[in-house]
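Quick notes on the structure that follows.
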Amino acid sequence: MPINVGDITTFITYVPSSGLTAPNNVQITESNGESVISWGNVEHASQYDIQALNSSGVWVSILITDALSVVLDGVLSWVIYGKNQP
Numbered sequence: 023m024p025i026n027v028g029d030i031t032t033f034i035t036y037v038p039s040s041g042l043t044a045p046n047n048v049q050i051t052e053s054n055g056e057s058v059i060s061w062g063n064v065e066h067a068s069q070y071d072i073q074a075l076n077s078s079g080v081w082v083s084i085l086i087t088d089a090l091s092v093v094l095d096g097v098l099s100w101v102i103y104g105k106n107q108p
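Count along the sequence shown from 1, then add 22; that gives the number in the working numbering.
What follows is the structure, encoded as structure tokens:
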């Protein structure tokens, strides 16, 4: 929720007490050396943290986006997981 006072804008994040749900309808399409990952909107989510499981078994962030899809160079050979960011 943005609050404007003069030239200053402050944002207050709303996180429901039940937490945020995982995105639904996650799809990965691979074509021409690119991977497109898309997912359904999550109510109250303002950003999505795109993560992958690395070779050490640790989840690492690839990027954070406010979009409902991303295009990654290279065909995915690892597992993708989308986590909501408040």
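In this text, a Cβ means the ideal position worked out from N, Cα and C, and glycines have one as well.
Source: prediction; values computed, not measured.
{"query": "Within 8 angstroms, strictly: CB atoms of Asn47 and Trp61", "result": "yes"}
{"query": "Proximal residues to Leu88 (C-beta, below 7 angstroms), its chain only, five neighbours per side dropped", "result": "Here residue 88 turns out to be Asp, not Leu, going by the sequence shown. Excluding positions up to five away in sequence, the list reads Ser68 and Gln69."}
{"query": "Backbone CA spacing between Glu52 and Thr32 [nearest angstrom]", "result": "39 angstroms"}
{"query": "Collapsed DSSP secondary structure at Glu65 in the structure displayed", "result": "coil"}
{"query": "Status (buried if at least 16 other CB within 10 Å, exposed otherwise) for Pro45", "result": "buried"}
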